[in-house]
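Remarks on the structure that follows.
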Amino acid sequence: APGILAGKRGLIMGVANNRSIAWGIAQAARNHGAELAFTYQGDALKKRVEPLAKELDAAVVGHCDVTDAASIDAVFDEVKKLWGSLDFVVHCIAFSDKDELTGRYVETTEGNFTKSLLISCYSFTAVAQRAEKLMTDGGSLLTLTYYGAEKWMPHYNVMGVAKAALEASVRYLAADLGPKNIRVNAISAGPIKTLAASGIGDFRYILKWNEYNSPLRRTVTTEEVGETAAYLVSDMSRGMTGEILHVDAGYHVVGMKNPEAPDL
Ligand code: NAD
6 APGILAGKRG LIMGVANNRS IAWGIAQAAR NHGAELAFTY QGDALKKRVE
56 PLAKELDAAV VGHCDVTDAA SIDAVFDEVK KLWGSLDFVV HCIAFSDKDE
106 LTGRYVETTE GNFTKSLLIS CYSFTAVAQR AEKLMTDGGS LLTLTYYGAE
156 KWMPHYNVMG VAKAALEASV RYLAADLGPK NIRVNAISAG PIKTLAASGI
206 GDFRYILKWN EYNSPLRRTV TTEEVGETAA YLVSDMSRGM TGEILHVDAG
256 YHVVGMKNPE APDL
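To convert, take the position in the sequence shown, counting from 1, and add 5; that gives UniProt numbering.
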């Protein structure tokens, strides 16, 4: 039987290595029949992304650093040359100076605040601007967020503020692009040990806390986030837009520590 993404073409942004959430999403999308293209950030990641893309018969459309608008234009130009149109984009990009992902939020510098919001929030809007032009037959835009947007989390700091802005931008983009049948959604993923996550202070504690206190009593995998992403970029979710869907083993419904959880 044809997959739920058969005939769909999607751009995957944010693969750094085989632990990246973007990679889990790419694998699921491919399994469900999508044709894919990847971007990479800089030459160091090119060497990692190229063999991964090959595994999924995906194109590599070039370097994209979202702080450089010309490089965003360049990869969308490549997509246009390759396919002429586009059905979905998966945006798995975030950054903050590691030194400010620990301690108190109140110490955040203006420089890092601006950079974190630019890379972790505005870049999704910048991508939407380019994608809109190629999504001539409707489309689906997906980004990744975290519960630290909704509630205080230790060490998440400026990234929590950036994710709150990103979640708000999902709603504004959904309203703007809805008339063109372009849907805009986010997955709020539970903590997963990736390169980006290793920058967050005491991340092991966060993983353990989630494992002990989430309803499913475990953390989630990039494969699980990938399967939900495949659904969100497919027509199966065609009635949904502006949504923030939690793939977090249920952690977001919990209001108190599980009394049976061991001490940390
Ligand atoms: P990752 O390190 O594998 O991916 C982060 C990606 O961001 C990398 O590919 C990196 O190249 C890219 N990036 C950073 N700055 C960039 C720039 N200036 N231009 C272009 N690309 C840039 O880590 P990940 O955990 O897979 O992160 C993917 C997304 O998932 C992020 O938005 C992250 O905040 C989000 N997320 C992660 C978790 C988690 O626990 N790992 C939980 C919820 C949400």
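Even for Gly, the Cβ is constructed at its ideal location relative to N, Cα and C.
Assignment of E40 by DSSP, reduced to helix, strand and coil, places it in the strand class. A64 carries a strand assignment under DSSP once its states are collapsed to helix, strand and coil.
Per DSSP, the beta-bridge partners of R14 are E40.
In the DSSP assignment, F129 falls within the unbroken alpha helix (DSSP H) covering S128 to L139. If you ignore the 5 residues before and after N162, its C-beta comes within less than 7 Å of the C-beta of E105, L106, Y110 and T113, all in its own chain and listed in chain order.
The C-beta of T119 has fewer than 16 other C-beta atoms within 10 Å across all chains shown, which makes the residue exposed. T148 is bridged by DSSP to H96 and A191. Boundaries cannot be given for L123, as no beta strand (DSSP E) includes it and DSSP labels it neither H nor E. Placement of the Cβ of V189 at a distance of 8 Å or more from every heavy atom of ligand 1 is found. For V252, the enclosing beta strand (DSSP E) stretches over residues I249 to V252.
In the displayed model, G116 falls within a helix according to three-state DSSP. With a cutoff of 9 Å on beta-carbon distance, V94 and S145 are scored as near each other. Shortest Cα-Cα distance from A99 to any of A21, N218, L87 and A31 involves A21. The closest CA to that of D102, considering only D92, D240, I124 and H68, is found on I124. Y45 has H68 as its beta-bridge partners, per DSSP.
Between F208 and the set P196, Y217 and R14, the nearest pair of CA atoms involves P196. For R209, the enclosing alpha helix (DSSP H) starts and ends at F208 to N218. Cβ atoms of A235 and A33 come within 8 Å of each other, at about 4 Å.
Sequence-distant partners of N36 (beyond 5 residues in either direction) whose C-beta falls short of 8 Å from its own C-beta, in its chain, are G8 and A235. With distances taken between CA atoms, L200 lies nearest to G19 out of T72, A254 and G19.
Within the chosen limit of 8 Å, ligand 1 reaches the beta carbon of F100 through at least one heavy atom. Annotation for K185: no alpha helix (DSSP H) segment contains it, and DSSP assigns it neither H nor E. Under the criterion of beta carbons closer than 8 Å, V189 and A179 qualify as touching, at roughly 4 Å. Taking 9 Å as the cut-off, the Cβ atoms of L147 and I30 count as close.
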